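> Before we start, here is the structure in question, set down as structure tokens.
Protein chains: 2
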Amino acid sequence: MILTVTLNTALDITYRVRSLRPHTSHRVSDVVERPGGKGVNVARVLAALGHEVTVTGFAGGPTGQVLRERLTGTPGVVDALVPVHGATRRTIAVVDELCGDTTQLNEPGPQITPAEWGAFLDRYQELLAGVSAVALCGSLPPGVPVGAYASLVRSARALGVPVLLDTSGEPLRRGVAARPDVIKPNADELAELTGSHEPLRATQDARRRGAHAVVASLGAEGLLAVTPEGRWRATPPARLHGNPTGAGDSAVAGLLSGLADHLPWADRLTRAVALSAATVRSTTAGDFDRTAYEELLDRVAVSGEFSAA
Amino acid sequence: MILTVTLNTALDITYRVRSLRPHTSHRVSDVVERPGGKGVNVARVLAALGHEVTVTGFAGGPTGQVLRERLTGTPGVVDALVPVHGATRRTIAVVDELCGDTTQLNEPGPQITPAEWGAFLDRYQELLAGVSAVALCGSLPPGVPVGAYASLVRSARALGVPVLLDTSGEPLRRGVAARPDVIKPNADELAELTGSHEPLRATQDARRRGAHAVVASLGAEGLLAVTPEGRWRATPPARLHGNPTGAGDSAVAGLLSGLADHLPWADRLTRAVALSAATVRSTTAGDFDRTAYEELLDRVAVSGEFSAA
Numbered sequence: 001m002i003l004t005v006t007l008n009t010a011l012d013i014t015y016r017v018r019s020l021r022p023h024t025s026h027r028v029s030d031v032v033e034r035p036g037g038k039g040v041n042v043a044r045v046l047a048a049l050g051h052e053v054t055v056t057g058f059a060g061g062p063t064g065q066v067l068r069e070r071l072t073g074t075p076g077v078v079d080a081l082v083p084v085h086g087a088t089r090r091t092i093a094v095v096d097e098l099c100g101d102t103t104q105l106n107e108p109g110p111q112i113t114p115a116e117w118g119a120f121l122d123r124y125q126e127l128l129a130g131v132s133a134v135a136l137c138g139s140l141p142p143g144v145p146v147g148a149y150a151s152l153v154r155s156a157r158a159l160g161v162p163v164l165l166d167t168s169g170e171p172l173r174r175g176v177a178a179r180p181d182v183i184k185p186n187a188d189e190l191a192e193l194t195g196s197h198e199p200l201r202a203t204q205d206a207r208r209r210g211a212h213a214v215v216a217s218l219g220a221e222g223l224l225a226v227t228p229e230g231r232w233r234a235t236p237p238a239r240l241h242g243n244p245t246g247a248g249d250s251a252v253a254g255l256l257s258g259l260a261d262h263l264p265w266a267d268r269l270t271r272a273v274a275l276s277a278a279t280v281r282s283t284t285a286g287d288f289d290r291t292a293y294e295e296l297l298d299r300v301a302v303s304g305e306f307s308a309a
Numbered sequence: 001m002i003l004t005v006t007l008n009t010a011l012d013i014t015y016r017v018r019s020l021r022p023h024t025s026h027r028v029s030d031v032v033e034r035p036g037g038k039g040v041n042v043a044r045v046l047a048a049l050g051h052e053v054t055v056t057g058f059a060g061g062p063t064g065q066v067l068r069e070r071l072t073g074t075p076g077v078v079d080a081l082v083p084v085h086g087a088t089r090r091t092i093a094v095v096d097e098l099c100g101d102t103t104q105l106n107e108p109g110p111q112i113t114p115a116e117w118g119a120f121l122d123r124y125q126e127l128l129a130g131v132s133a134v135a136l137c138g139s140l141p142p143g144v145p146v147g148a149y150a151s152l153v154r155s156a157r158a159l160g161v162p163v164l165l166d167t168s169g170e171p172l173r174r175g176v177a178a179r180p181d182v183i184k185p186n187a188d189e190l191a192e193l194t195g196s197h198e199p200l201r202a203t204q205d206a207r208r209r210g211a212h213a214v215v216a217s218l219g220a221e222g223l224l225a226v227t228p229e230g231r232w233r234a235t236p237p238a239r240l241h242g243n244p245t246g247a248g249d250s251a252v253a254g255l256l257s258g259l260a261d262h263l264p265w266a267d268r269l270t271r272a273v274a275l276s277a278a279t280v281r282s283t284t285a286g287d288f289d290r291t292a293y294e295e296l297l298d299r300v301a302v303s304g305e306f307s308a309a
């Protein structure tokens, strides 16, 4: 069983409009709703790969209820969300049919009370006992302490559960100092953490700050990983066309899946890059194209740059 | 008791963002939700004026549940909505804090089944028995026959209940032919109905098509009314600055309120223009500023243009 934590879950809503023009009125031609938030997306991909996954974090209000109903309908996913008084946020992705681009509107998330945060910590501790790995994903809703991920990393490590952290800003900075097994920043998050825009230098610096392994996602250039066992680059076979929504979450799922299956780093990275690329190629935002994924597994290029970092 | 019908109710959501830029991501700083759809807005204004109002139409799904909970919390408003399987639509108003303008995204509304439409017709017939006036407001959700308003107008008239129709397009065209007591088109709706962009000519033509009285809302120029008793223009004291959202619904509420209080036409129009102007001036979209309303009542100019149309 893999555990994913999404403190700021979301009901992801996609609207299609003919052309988004600010300060005018639009008829939405199509509405799609699904459970969201990074850890929920990671769980969906893991379940599709055949893993058993438990989802925890917060859910509340009518939007939280819809999210939980949809999650219950996802095979392989166990709902261990903690109920809160506030309403789970919505995110609205407005897809422009003429140009294909997306405009994103993200609600801030509910206020979490100290009692709710305490209830989550108890639940998390219980859940950790039975899992092979845990992923801590996404932003913090209002009211959750900025050092939240640092304490969740420490609890996991105290029980010997491998922990992957995928967040940004101050929660990432504090979380890294608690020595997570893996972080997976993108280029912007890495630059914000380290002050360096040079990926290799920044990745090495992030390790010095506490992360055992750093897997930097560099968009079309794939992944750069610096780990205790060595350093790798994993790249997709060609420049990809499609929608990058969820590609980062699919990469996290690939890393966790490979970890749970005890694969060596090169194979974990291959899985992560193939899933990420198959997500960009999918016609549904955030889903991965299974046929593309299986083809890509043989076509991802992995080069070990030296044997000991 | 006044009855308002809103077949395509909505959960109106207002988002504030710093500046809306297509194809980028936005943090929403503030989220406000409230019951919406034209007839629901009319009911809220009527209730604020001290009338007892019953709201009917359709509500369903989690959004419908939120709408009904909020409606129950509105003093003076009785919820007689008919439950449906589909989910009540959302409308999203994105307010740009830098320029003050609003971008509107409107979901299409749930599919109404023939059985649900039948259940509504039964409920409407029961409700008509006890009311002093009825307003039929807004668009039709998918599945409702385009001649819906024509049959609702005929049922009201058969029972001697005065009926106001506020819609557009083909539902308006068919509804007018069923001889409603009042229609309240804006300039665009009137032009679409009659083919004429000249307000007086178009208003007279709309009467010939079947409406007993036509009250055309001409934005900052106020109202032009052509009725069996005469013809009037009612204008606010000065060009208004503010948000016109809901100004038309407030005008409908003013007309109904004056009708229910057995006021002569000139006074109904004064009430409608003052409410409409006080809505434009309000800081909350769709609400009216009560102090402004009371001041405006003395300052609306009404001129009867001749005594028999």
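Protein chains in written order, with full-length UniProt numbering: chain L, 1 to 309; chain E, 1 to 309. Think of the CB as a built atom: it goes at the ideal place given N, C-alpha and C, for glycine as much as any other residue. Being a predicted model, the structure only gives us computed values, none of them experimental.
(1) In chain order, what residues of the same chain have a beta carbon less than 8 Å from the beta carbon of LEU128 (chain E), not counting five sequence neighbours either side?
(2) So for ALA308 (chain E), helix, strand or coil by DSSP?
(3) Please report the distance separating the alpha-carbon of ARG16 (chain L) from that of THR63 (chain L).
(4) Quick one: which residues of the region 59-80 of chain E get their C-beta closer than 7 Å to a C-beta of chain L? List them in chain order.
(5) Helix or strand or just coil, what does DSSP make of ASP289 (chain L)?
(6) Determine the burial state of GLY222 (chain E): buried for a count of at least 16 other Cβ atoms within 10 Å of its Cβ, exposed for fewer.
(7) Taking the Cβ atom as the reference point for each residue, do LEU71 (chain L) and ILE92 (chain L) lie within a distance shorter than 8 Å?
(8) So, under 8 Å CB-CB, GLU116 (chain E) and VAL146 (chain E) are touching, yes? Tell me the CB distance rounded to an integer number of Å.
(9) Determine the closest residue to PHE120 (chain E) out of E:PRO75, E:PHE58 and E:SER139, with distance taken between C-alpha atoms.
(10) Once you ignore the five residues that flank ARG299 (chain L) on each side, which residues in its own chain have a CB closer than 6 Å to its CB?
(11) If you draw a straight line from the alpha carbon of SER307 (chain L) to that of ALA47 (chain L), how long is it in whole angstroms?
(12) Straight-line CA distance for ARG21 (chain E) to GLY230 (chain E)?
(13) Interface residues of chain E around THR103 (chain L) at Cβ under 9 Å?
(14) Which residues mark the beginning and the end of the alpha helix (DSSP H) in which GLY175 (chain L) is found?
(15) Which of the three DSSP states is assigned to SER151 (chain L) in this structure?
(16) So what's GLN111 (chain E) in DSSP terms, helix, strand or just coil?
(17) Which class does PRO199 (chain E) belong to by DSSP, given the choice of helix, strand or coil?
(18) Taking its Cβ as the centre, do 16 or more other Cβ atoms sit within 10 Å of GLU294 (chain L), making it buried, or is it exposed?
(19) Can you pull the chain L neighbours of ASP96 (chain E), defined as C-beta to C-beta under 8 Å?
(20) Short of 7 Å Cβ to Cβ, which residues in the region 207-234 of chain L face chain E?
(21) So VAL78 (chain L) and GLY39 (chain L) are in contact, right, with Cβ under 8 Å, and what is the actual spacing, rounded?
(22) Please classify ASP122 (chain L) as buried or exposed, where buried requires at least 16 neighbouring CB atoms within 10 angstroms.
(23) List the whole-angstrom C-beta distance separating ALA213 (chain L) from ALA225 (chain L), where the pair is believed to meet the contact cut-off of C-beta under 8 Å.
(24) DSSP has PHE58 (chain L) in a bridge; who is on the other side?
(25) Could you tell me whether the Cβ of ALA308 (chain E) comes closer than 8 Å to any Cβ of chain L?
(26) Could you check whether the Cβ of GLU189 (chain L) sits closer than 8 Å to any Cβ belonging to chain E?
According to the structure shown:
(1) In chain order, LEU3, VAL134, SER155, ALA156, LEU159 and VAL161 place their CB closer than 8 Å to the CB of LEU128 (chain E), counting only its own chain and leaving out the 5 sequence neighbours on each side.
(2) Caution is warranted here: a pLDDT of 47 is assigned to ALA308 (chain E), below 50, making its placement in the model unreliable, and the coordinate value is therefore given only provisionally. Reduced to three states, the DSSP call for ALA308 (chain E) is coil.
(3) Taking the straight line joining both Cα atoms gives about 20 Å.
(4) Under the 7 Å Cβ criterion, the region 59-80 of chain E contributes PRO62, GLN65 and VAL66.
(5) coil
(6) buried
(7) Result no, Cβ atoms of LEU71 (chain L) and ILE92 (chain L) do not sit closer than 8 Å.
(8) Going by Cβ atoms, the distance from GLU116 (chain E) to VAL146 (chain E) rounds to 16 Å, so no, they are not a contact pair.
(9) E:PHE58
(10) PRO237
(11) Interpretation of SER307 (chain L) is limited by its pLDDT of 49, a score under 50 that renders its predicted location unreliable; no figure is taken from the coordinates.
(12) 49 Å
(13) LEU20, ARG21, PRO22, HIS23, THR24, SER25 and HIS26
(14) 169-177
(15) helix
(16) coil
(17) helix
(18) exposed
(19) PRO22 and HIS23
(20) If the cut-off is 7 Å between Cβ atoms, the region 207-234 of chain L has nothing near chain E.
(21) About 13 Å separates the two Cβ atoms, so there is no contact after all.
(22) exposed
(23) 7 Å
(24) L:VAL82
(25) Here the model assigns ALA308 (chain E) a pLDDT of 47, short of 50, so the residue's position is not dependable and the matter cannot be decided.
(26) no
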